[in-house]
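K.L.:
Number 203 marks the last residue of the sequence shown (the numbering used here); no jumps.
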Amino acid sequence: MKFLLYICLFISLSSCFQNKEPLLGDTPFQKSLNSSFKDASTSPLKKKDRKTFKGLDFFKVDSAYIVKAKLKHTPNTTFFAMPTTTNRMAQERVFGIVSFNIKGEDFELKIYESQDLLDKEGYEDYLFLPFLDLTNGDSTYGGGRYIELRVNDKVRDSIITIDFNTAFNPYCAYNEKYSCPIVPRDNFIDTEIKAGVKAFIKE
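#1: Going by beta-carbon coordinates alone, are ALA199 and ASN165 separated by less than 8 Å?
#2: The alpha helix (DSSP H) spanning PRO28 covers which residue range?
#3: Where does SER63 sit, in a helix, a strand or coil, going by DSSP?
#4: Can you tell me whether DSSP reads LYS236 as helix, strand or coil?
#5: With VAL197 and GLY144 assumed to form a contact (beta carbons below 8 Å), what rounded beta-carbon distance in angstroms separates them?
#6: Cβ of ILE66 less than 8 Å from any chain D Cβ?
#7: With distances taken from CA atoms, which of THR161, TYR126, PHE168 is nearest GLY142?
#8: How would you label ASN19, buried or exposed, when you count the other beta carbons within 10 angstroms and need 16 or more for buried?
#9: Kindly examine the ligand PLP and report whether one of its heavy atoms sits closer than 7 Å to the Cβ of PHE80.
#10: In this structure, how does DSSP classify THR84 when only helix, strand and coil are distinguished?
#11: Going by C-alpha to C-alpha distance, which of PHE131, MET82, ASN101 sits closest to ASP116?
#12: Since LYS68 and GLY96 should fall inside the 8 Å C-beta cutoff, what is the C-beta to C-beta distance between them, to a whole number of angstroms?
#13: Measuring only the C-alpha atoms, how far is PHE37 from PHE53?
#14: When you compare only the Cα positions, how much space is there between SER41 and SER139?
#15: Helix, strand or coil: how does DSSP classify PHE168 here?
#16: Compare the C-alpha of ILE160 against each of ILE189, GLU148, TYR171 and name the closest.
#17: Going by beta carbon distance, what residues of the same chain come within less than 8 Å of PHE80, once the five residues before and after it are set aside?
#18: Going by DSSP in three states, ASP186 sits in which element: helix, strand or coil?
#19: Grouping DSSP H, G and I as helix and E and B as strand, with all else coil, what is ASP116?
#20: Nearest by alpha-carbon distance to ASP125: which of ILE111, THR135, PRO28 is it?
#21: Please confirm whether CYS172 and THR74 have their CB atoms less than 8 Å apart.
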């Protein structure tokens, strides 16, 4: 009788482990992003979308989109009002200009520093790289995507790594209640950046 109970218990536990869905993602970035989207306390998803959420759709990780970029620091730039998807204006300034090469083509982008985050603990070196590319409105979100960077403000001209495999959608791509900075038109990359998060298909 005890043997049968042990068998039943083993089958029950095995069933529980099999039904537990693994965290999706091929990289720590993808797994972390999927985890935050599944968590109701951190997810930008609407409740109805979170109920059916299995994981974000990513391009296959491609080392061609991990680039060494030359950073030209632009010190003493002034903060300006960057439009957002709501009436709010984000206070940003150009921290520097990065130049890099992807698959034989040269590009330049501006990276930004947020006034709101300057005095926030843990975000002193946080920078914001918004960009547009030829995938927008097709395989990626029409409003462009963002990349987060961490660069010490004492840096002048230097070489930094930009990983476009970590490009993600602004939260307003999932829920219109969020106020997201609109990507400046001059941060357009005239090529397809097939890396990072793809467009979100709502149920």
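Ideal Cβ placement from N, Cα and C applies to all residues, glycine included.
P.N.:
With the given structure in hand:
#1: no
#2: 28-38
#3: helix
#4: With the chain running from 1 to 203 in the structure shown, residue 236 is simply not present.
#5: Not a contact, Cβ separation roughly 12 Å.
#6: Of the chains in the structure shown, none is chain D; there is only one protein chain.
#7: PHE168
#8: Low local confidence applies: a pLDDT of 43 at ASN19 is under 50, so the model's placement there is unreliable, and no value is given.
#9: Among the components modelled here there is no ligand, and therefore nothing to report on the ligand PLP.
#10: strand
#11: MET82
#12: Their Cβ separation, rounded to whole angstroms, is 15 Å, which puts LYS68 and GLY96 out of contact at 8 Å.
#13: 8 Å
#14: 28 Å
#15: strand
#16: GLU148
#17: GLN91, GLU92, ARG93
#18: helix
#19: helix
#20: ILE111
#21: no
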